[in-house]
Amino acid sequence: MNYNLANKTIIVTGANSGIGKAASIQLAGLGAHVVMMCRSKERGEQALQDVKSAAKSDKIELILVDMSSQEAVRKAVREFLSRHSKLDVVIHNAANFDHTQKKPVITEDGLENVFATNHVNIFLMTELLLDTLKQSAPSRIITVASKGLITYPFLDIDFNNLAGEKKFSMQHAYYQAKQAQVMYTFDLAERLKGTGVTVNCVRVGNVAIPDTRLEHLPKFLLKMYEMKRKFALTPEKMAETYMWLAADPSLDDVTGGYWDAPNTPVKANKNAYNRETQKRLWNETAKLAHVV
Ligand SMILES: NC(=O)c1ccc[n+]([C@@H]2O[C@H](COP(=O)([O-])OP(=O)(O)OC[C@H]3O[C@@H](n4cnc5c(N)ncnc54)[C@H](OP(=O)(O)O)[C@@H]3O)[C@@H](O)[C@H]2O)c1
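Heads up: the sequence shown begins at 8 in this note's numbering, then just goes up one per residue.
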């Protein structure tokens with residue numbers, strides 16, 4: 008893919024590892040100004056150097072953000088807006104999927120950590136960036152879900168257990184948040200029709216996770232990841248879909264899509280298309296994100 012991204016400003020969250028880092032290299036390599044949003048100063052600074060050198064570009068910067076914290080999201084967006092008046096694309100790639108977590112962790116905002124990081128605070132970040140995205144139109148919002156959702160054909164949003172207060176499993180919390188991202192994508196696309204801001208969701212499949220990120224895992228999980236890796240895509244291959252959604256000129260008016268790969272739309276489960284649930288999810292999320 009050989010796009011010209013000079014003059015494009017693109018935020019990538021979770022840009023220090025895996026698909027986010029690979030996408031940052033590809034986007035910066037084609038001339039985009041990439042803003043890498045990362046949680047850890049140490050990992051972020053190392054990744055910034057790696058991306059600059061791999062992309063042979065200096066038009067890359069780092070902003071720290073812990074996506075589990077609303078204050079951190081607000082601060083990161085303030086920092087971005089103090090330096091930039093234009094935003095062409097935001098890629099909401101960061102996600103918490105620590106399968107060693109057995110009990111719910113409650114954030115400083117009183118939310119269950121997985122739902123906060125992988126859904127509520129993505130909503131918050133988008134809301135805070137929306138005026139700038141509209142002023143920069145045509146512009147694009149890219150969300151990230153998981154192909155694992157196909158193993159949950161009846162999954163819906165459990166509004167009575169959003170904080171995992173009744174029962175918690177990492178698996179359920181992760182897929183509920185990803186289902187919420189899919190529904191949010193469809194709903195936001197409707198809400199933004201006519202603004203020139205599009206919203207599309209990537210359905211990420213089995214992608215190899217760097218060894219260094221697996222060292223802390225117990226043996227049985229390591230074995231599982233080793234097995235999965237035999238059939239996995241590389242982060243670079245998956246990042247091509249991020250790149251296509253961020254850059255392909257044919258997509259200026261394409262919104263509300265769910266994609267496995269370039270030019271490969273897929274269907275979400277039936278519940279994801281329920282407009283009433285989408286609206287309820289919007290209202291609940293707006294309250295939890297304190298944007299109403
Ligand atoms: N790999 C797969 O097989 C697969 C399958 C389905 C969906 N996905 C989705 O694909 C996306 C990218 O995953 P990946 O495979 O590239 O995994 P990865 O290499 O583990 O990258 C995840 C990124 O998210 C960041 N992150 C996690 N929690 C964060 C927080 N609270 N604040 C800020 N950043 C945070 C991580 O930063 P730290 O270094 O600070 O942890 C890291 O940069 C995720 O949305 C994931 O859910 C992946």
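The beta carbon of each residue, even a glycine, is placed where N, CA and C say it ideally should be.
Counting only the same chain and skipping the five closest in sequence on each side, list residues whose C-beta sits under 6 Å from that of L37. In the sequence shown, counting from the first residue as 1, residue 37 sits at position 30. Excluding sequence neighbours, L37 sits near Y10 and L12.
Need the endpoints of the beta strand (DSSP E) that G264 sits in, please. Looking up residue 264 in the sequence shown gives position 257. From DSSP, the beta strand (DSSP E) with G264 extends over G264 to A268.
Opening and closing residue of the beta strand (DSSP E) in which R147 lies: Your numbering for residue 147 matches position 140 in the sequence shown. S146 to S153 is the span of the beta strand (DSSP E), which, as asked, contains R147.
Cβ separation of I217 and S24, assumed to be a contact under 8 Å, to the nearest whole Å: Here residue 217 is taken as the residue at index 210 of the sequence shown, counted from 1. Here residue 24 is taken as the residue at index 17 of the sequence shown, counted from 1. Checking the displayed sequence, the identity of residue 217 turns out to be Pro instead of Ile. About 6 Å separates the CB atoms of P217 and S24; that is less than 8 Å, so the two are in contact.
Assuming V127 and N103 are in contact, meaning their beta carbons sit under 8 Å apart, how far apart are those beta carbons, in whole angstroms? In the sequence shown, counting from the first residue as 1, residue 127 sits at position 120. In the sequence shown, counting from the first residue as 1, residue 103 sits at position 96. Cβ atoms of V127 and N103 stay farther apart than 8 Å, at about 12 Å.
Could you tell me if H223 is buried or exposed, where buried requires 16 or more neighbouring beta carbons within 10 angstroms of its beta carbon? On the sequence shown, residue 223 is found 216 positions in, with the first residue counted as 1. Exposed.
Please state if the CB of I148 and the CB of V72 are separated by a distance shorter than 9 Å. Counting from one through the sequence shown, the residue named residue 72 turns up at place 65. Counting from one through the sequence shown, the residue named residue 148 turns up at place 141. Against a cut-off of 9 Å, the Cβ pair of I148 and V72 comes out as no contact.
CA nearest to the CA of Q285, picked from V19, F166, I32 and H99: Against the sequence shown, residue 285 aligns to sequence position 278. The residue with the shortest Cα to Cα distance from Q285 is F166.
Is the beta carbon of V298 less than 9 Å from the beta carbon of E134? Locating residue 298 in the sequence shown gives position 291, counting from the first residue. Locating residue 134 in the sequence shown gives position 127, counting from the first residue. Annotated as proximal: V298 and E134, with beta-carbon spacing under 9 Å.
Report the residue from M250, R220 and F161 whose alpha carbon sits nearest the alpha carbon of V151. The sequence position of residue 151 within the sequence shown is 144, counting from 1. Its Cα nearest to that of V151, the residue M250 stands out among M250, R220 and F161.
What separation, rounded to the nearest whole angstrom, lies between the Cα atoms of T248 and K66? For the purposes of this step, residue 248 is identified with residue 241 of the sequence shown, where counting begins at 1. For the purposes of this step, residue 66 is identified with residue 59 of the sequence shown, where counting begins at 1. Roughly 22 Å between the two C-alpha positions.
Would you mind stating whether T16 and L94 have Cβ atoms separated by less than 9 Å? Translated into positions along the sequence shown, residue 16 becomes position 9. Translated into positions along the sequence shown, residue 94 becomes position 87. Yes, Cβ-Cβ distance for T16 and L94 is below 9 Å.
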